[in-house]
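Peer 1: Residue numbers (the UniProt record's numbering): 1 to 104. C-beta: ideal position from N, C-alpha, C; glycine also. Just dropping this structure here.
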Amino acid sequence: MHFELAWRNLRERAHPALNELEGKFIDAINHQRKRFFDGAILTNKLLTYLDFGPYWFPARTSISEYVAITFGREVKVNLWLYRDYWSLRSYIATGITKCKGRTL
């Protein structure tokens, strides 16, 4: 549900005929483009452009504070959206394959 909504928000926002694109948004969307094929959206730079962003900011802050208290240090919290289970599985498998290639 959130992946489809985020996808729609970003497609609408990135349409050059409908919107004048901000430099900050262009940088964020270009950083994200290589992940779209994997069915993954990294929300860190794009959360402000998503309809549900205002609801997720407080949650991300709460998670970050909880993790900081638990580990006794500040930890950056990254929120990812995956289209489905297979997108998550594929993304992780690709990362493992790249790591194996670097270590061998």
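I need the boundaries of the beta strand (DSSP E) containing L79, first residue and last residue.
Peer 2: Unbroken run through L79: none, as it is neither H nor E.
Peer 1: Just reading off the alpha helix (DSSP H) that A59 is part of, what are its end residues?
Peer 2: Element bounds for A59: G53 to F71.
Peer 1: Let's see if you can read the secondary structure: which residues bound the beta strand (DSSP E) around L42?
Peer 2: Where L42 is concerned, the enclosing beta strand (DSSP E) stretches over A40 to L42.
Peer 1: With 16 as the cutoff for other CB atoms within 10 Å, does A17 come out buried or exposed?
Peer 2: By the 10 Å Cβ count, A17 comes out exposed.
Peer 1: For the region 94 to 102 and the region 58 to 69, state whether three or more C-beta atom pairs, one from each stretch, are separated by less than 8 Å.
Peer 2: These segments do not touch.
Peer 1: Using only the alpha-carbon positions, how far apart do E12 and I29 sit?
Peer 2: Approximately 12 Å, taken between the alpha carbons.
Peer 1: Starting from L5, trace the alpha helix (DSSP H) in both directions and tell me its first and last residue.
Peer 2: L5 -> alpha helix (DSSP H) spans H2 to A14.
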